[in-house]
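This report concerns only the one structure given below.
Numbering (our numbering), first residue to last: 79 to 168.
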């Protein structure tokens with residue numbers, strides 16, 4: 079399925095955070111801004127809080143690496159400029 083869409087799976091070496099620095103950075107931001115400041119009484123509370131934060135992170139939070147726009151706005155602009163083909167129906 080991935081190969082049909084031109085996607086290559088890439089696995090990093092064990093215990094090497096440098097192989098996936100952008101994701102490690104995002105995870106660190108989620109922990110610092112959402113997880114560490116809170117005390118969750120239940121897993122469900124944690125799940126709901128983190129889900130809400132990820133919505134904020136992707137739709138509202140400005141990212142310096144994206145020229146101070148949100149990821150969703152960056153993607154919208156990218157798609158508008160690249161006129162992406164629609165995904166084929168399954």
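Ideal Cβ placement from N, Cα and C applies to all residues, glycine included.
DSSP places residue 87 in the coil class of the three-state scheme, outside both helix and strand. For residue 98, there is no enclosing alpha helix (DSSP H), since its DSSP letter is neither H nor E. The continuous alpha helix (DSSP H) containing residue 150 extends over residues 149-160.
Proximity to residue 116 across 146, 80, 128 peaks at 128, based on C-alpha coordinates. Note: residue 141 is bridge-paired with 147 in the DSSP secondary-structure output.
Straight through space, the alpha carbons of residue 119 and residue 155 are spaced by roughly 40 Å.
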